[in-house]
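Per the UniProt record's numbering, the very first residue in the sequence shown carries number 1; after that it's consecutive.
Note that the Cβ used here is the ideal one computed from N, Cα and C, for glycine as well.
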Amino acid sequence: VPLMATQHITTSRALRFQFLQQAVLSDLPAAMHRHYSLDVSAPLLRTQAFVDGRWVSAASVFPVLDPATGQEIARVSDCGPAEAKQAVDAAYKAFQSWKLCTAKERSVLLKKWFELLTLHKDELAKLITFECGKPMRESLGEIAYSASFIEWFSEEARRVYGDVVPASVNDRKILLLKQPVGVASIITPWNFPSAMITRKVGAALAVGCTVVIKPAEDTPLSALALAEVSLQAGIPAGVLNVVPCSREKAPAVGEVLCTDPSVAKISFTGSTATGKVLLKLAADTVKKASMELGGHAPFIVFDSADVDKAVAGAMASKFRNSGQTCVCSNRFLVQSGIHDRFVEKLGRAMDAELRMGHGSEPDTTQGPLINIRAAEKVVHHISDAVSRGAKVLRGGKRLDGSFMEPTLLADVTTDMLCTQEETFGPLVPVIRFNTEEEALAIANAATVGLAGYFYSQDVSQIWRVAEALEVGMVGVNEGLLSCPEAAFGGVKQSGLGREGSKYGIDEYLEVKYMCLGGLKP
């Protein structure tokens, strides 16, 4: 039965599909025929901007859609440059007092925020599932991950140490002080609508910075819920501000956040192309910048690998959030000696473990892609690969709306689009290789270098390859990397700076040299 849908263009969205109530998702599980509603308590379902501790309406609103059904789930204040400027001014005013709070005082407030995030985890996870499309199991995992950054930085707040440096003469003392940079603009993506905020904001608030958050237009509800919980935790007015906006207003809002003289720092997670635009905007006022940009992660399986573990790692790395993570594997390089066995076992694992459906269904492992454009890109990559000789071993079809079958391709070559650019979808293109040198040459040919993975039981090879891969993070016999204790970031055009870990906090600090002279020996 064909999907009955009408094309619907709003002033705040590019082309999306607005599904009729009688739509039948014929290629998806029967559960998808049901009506789904977002059941979240009123305090956490916020739709206004959050500025200076108050909920503020804008002159217009934009819709937030459930990517699984296309149904509107909320209408959110569509902020423009004026609201962005108000938020920056509020953050700058609050910075004057927030920076004077003791590290312990900030630590206590962040710990309270962490506790409340954990308390409200079920409802916060529902927001992620309905606006982002993730299965509830993954959404709950994101909330735990999100909260872990607030907990981590609540502890790191009390460990911001300076230095006393031995002077070359005995009538002076040299001190290096660490001080907060000031107001930070936080611009975040839709694929981790909670964790990408807390990973940045936790560090900023811990050291005494204040923030203005611009969430992705697809997923503003999670950001606004985080603001509500921060309010409950007692974070002072103006320290944390959220200005949601539509795709159409994003450039103007982004310009304010990147050019206003009161902003000292920008932190962005998103595409490399957008990151370059923001860096250019920030250049005129020479702002400190952190950029976590695009990835194109290689996943290499050497002949010495434990194939079963490599398959399990591939499943975890590739299909989390339906392949829509910046560190998910994008190019699979498998050595000739185990190529056929790996591909066969991976295909069987996909058959056994992957289930598509609405994220609120308990057995769903694969939700929709975020929108129609995302699904069309995956289809384009598949058709290009097939036209150049690749074989479809599993999947290959786009289903209703933005659902995409998990797809396994064999006989893939490096001239295919899927090996040259990030797919951001559930596509596994497998390249056969013969030597370690060949695999490294293919892996390092990319202009980006965020994450990379490889499986090997040869200790010497592990050291060689880990050091040779041109990426910021390497998973050795492991498909999942992220945790608050580790430094997250890339090399090449994958970005600047690090998030998480003890190093993430340095992104929001300046080092001031103080020379105390005229001392009597």
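Quick one: grab the DSSP three-state call for residue i.
i    : result
S26  : Residue placement at S26 cannot be trusted, given a pLDDT of 43 that sits under 50; what the coordinates show is reported in the next sentence. Three-state DSSP puts S26 in coil, outside helix and strand.
D218 : coil
Q18  : Low local confidence applies: a pLDDT of 30 at Q18 is under 50, so the model's placement there is unreliable, with the coordinate-based value given in what follows. Of the three classes helix, strand and coil, the one that applies to Q18 here is strand, per DSSP.
M356 : strand
V253 : helix
M416 : coil
L346 : helix
Y161 : coil
T47  : coil
Q335 : strand
R137 : helix
G275 : helix
S501 : helix
C515 : strand
Y145 : helix
R34  : coil
I235 : coil
K492 : strand
T6   : With a pLDDT of 24 at T6, under the threshold of 50, the modelled position of this residue cannot be trusted; read the value that follows with caution. Reduced to three states, the DSSP call for T6 is strand.
K288 : strand
S154 : helix
E228 : helix
V465 : helix
A264 : strand
L281 : helix
Starting from the Cα of residue i, find the closest Cα among the options and give me that residue.
i    : options                : result
Q493 : E421, G80, C483        : E421
S194 : S222, R398, L393       : S222
L480 : V392, K309, D363, F424 : K309
G517 : D171, F268, S139, A125 : D171
A305 : N477, C79, D39         : N477
S139 : K397, P521, N191, V160 : N191
G495 : G234, K318, A451       : A451
P368 : K276, L399, A282, T198 : L399
A374 : G401, L409, R394, L354 : G401
T219 : S336, E470, P63        : P63
I187 : P135, P244, P180       : P244
S256 : D411, Q86, S77, L45    : Ser is not the amino acid found at residue 256; the sequence shown has Val there. V256 has its Cα closest to that of Q86, out of D411, Q86, S77, L45.
S246 : C79, K288, V207        : C79
E156 : R199, L409, V277       : R199
C328 : R341, A349, H296       : H296
Q281 : E485, P261, E292, G294 : The sequence given here has Leu at residue 281, not Gln. Comparing Cα positions, the closest option is P261.
P521 : V169, R46, S97, P81    : V169
Y513 : T423, D163, L354, A273 : D163
R106 : V201, L127, R54        : V201
S146 : P484, Y503, G234       : P484
F268 : I73, I197, A227, D458  : I197
L417 : F319, A74, V378        : V378
G270 : S290, V253, A91, W98   : S290
Whole angstroms is fine: what's the gap from residue i's alpha carbon to residue j's?
i    : j    : result
A446 : S37  : 42 Å
S230 : P166 : 42 Å
C209 : A216 : 22 Å
K391 : R432 : 13 Å
G313 : R158 : 36 Å
I505 : I150 : 12 Å
P429 : D39  : 38 Å
R137 : Q461 : 36 Å
F114 : G449 : 32 Å
Q366 : Y453 : 22 Å
S482 : Q324 : 15 Å
G359 : F95  : 39 Å
L65  : F403 : 15 Å
P298 : A103 : 41 Å
V386 : C326 : 25 Å
S154 : G489 : 21 Å
R348 : E123 : 35 Å
S501 : E507 : 11 Å
L175 : S57  : 47 Å
R46  : S185 : 21 Å
R331 : A206 : 37 Å
E467 : L278 : 31 Å
C515 : H381 : 59 Å
S77  : W152 : 32 Å
Whole-angstrom Cβ separation of residue i and residue j, contact assumed at under 8 Å?
i    : j    : result
I338 : A439 : Going by Cβ atoms, the distance from I338 to A439 rounds to 13 Å, so no, they are not a contact pair.
A68  : G141 : 18 Å between Cβ atoms; not a contact.
A410 : L427 : Contact doesn't hold; Cβ gap of about 12 Å is too wide.
*Unbroken stretches of the alpha helix (DSSP H), 4 residues or longer, contained in the segment 61–133*: Taken in chain order, the unbroken stretches of alpha helix (DSSP H) that lie wholly in the segment 61–133 and span 4 residues or more are 81–98, 103–119, 121–132.
*In chain order, which beta strand (DSSP E) runs of at least 3 residues are fully inside the segment 290–326?*
For the segment 290–326, the full-length beta strand (DSSP E) segments reaching 3 residues or more read 297–301 along the chain.
*Which runs of the beta strand (DSSP E) spanning at least 3 residues fall entirely within the segment 170–215, listed in chain order?*
Runs of the beta strand (DSSP E) inside the segment 170–215: 173–180, 183–187, 210–214.
_beta strand (DSSP E) runs wholly inside the segment 365–453, at least 3 long, in chain order_ = Fully enclosed beta strand (DSSP E) runs of 3 or longer: 391–394, 407–410, 427–433.
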